[in-house]
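Beneath this line is the structure, given in structure tokens, with notes to follow.
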Amino acid sequence: MSDPPDNPVIQLWRTIWLGNPADGLDDVLVDPYIRHTRDGTALVTIREYIEHMRQTTRNVRGTDLSVDRLVETTDRTFVRITLMGVNVTSGDPVMITVVGEYRLSEGRIAE
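For what it's worth, this note's numbering labels the leading residue of the sequence shown as 123, then goes sequentially.
Put into structure tokens, the structure is as follows:
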């Protein structure tokens, strides 16, 4: 599947995985941003989210991103993305599948 360049969810993951989380997240996230995790729901600022993603990805370097499935509605985007990269401490390959639902508000990811 080709990657829709103007989709904010794809932009988010390209920035996090292939770029620098500090560059461009202001353009795709609402501030504050609602996160749902195994620990519950949290309202976080973009700066807090950037720091979280820096810590999460500190030992990996992304090399590729594949959009396996993308469904867009008026205010929701559903995705299945495969992230490929390298663990910089071991040199081992890394493959992560992200499955998610994102709520959009005015062209940005709100939740």
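We put the CB at the ideal spot given by N, CA and C, even for glycine.
Source: prediction; values computed, not measured.
Original post:
Counting only runs that start and end within the region 154-209, where is the beta strand (DSSP E) found for 3 or more residues in a row?
Top reply: Within the region 154-209, the complete beta strand (DSSP E) runs of at least 3 residues fall at 155-159, 162-166, 182-194, 198-209.
Subject >> Thr265 in three-state terms, based on DSSP >> reply: The question about residue 265 has no answer, for the chain in this structure spans 123 to 233.
Subject >> Residues near Arg202 by beta carbon distance below 6 Å, same chain, minus five either side >> reply: Asp190, Arg191, Val221
Original post:
Using the rule of at least 16 other Cβ atoms within 10 Å of the residue's Cβ for burial, across every protein chain shown, is Arg176 buried or exposed?
Top reply: exposed
Subject >> Simplified DSSP assignment, three categories, for Val150 >> reply: Taken through DSSP and simplified to helix, strand or coil, Val150 comes out as helix.
Subject >> Three CB pairs or more closer than 8 Å across the region 165-173 and the region 138-154 >> reply: yes
Original post:
How far does the beta strand (DSSP E) with Pro68 in it reach, from first residue to last?
Top reply: The requested residue 68 is not part of the displayed model; the chain covers only 123 to 233.
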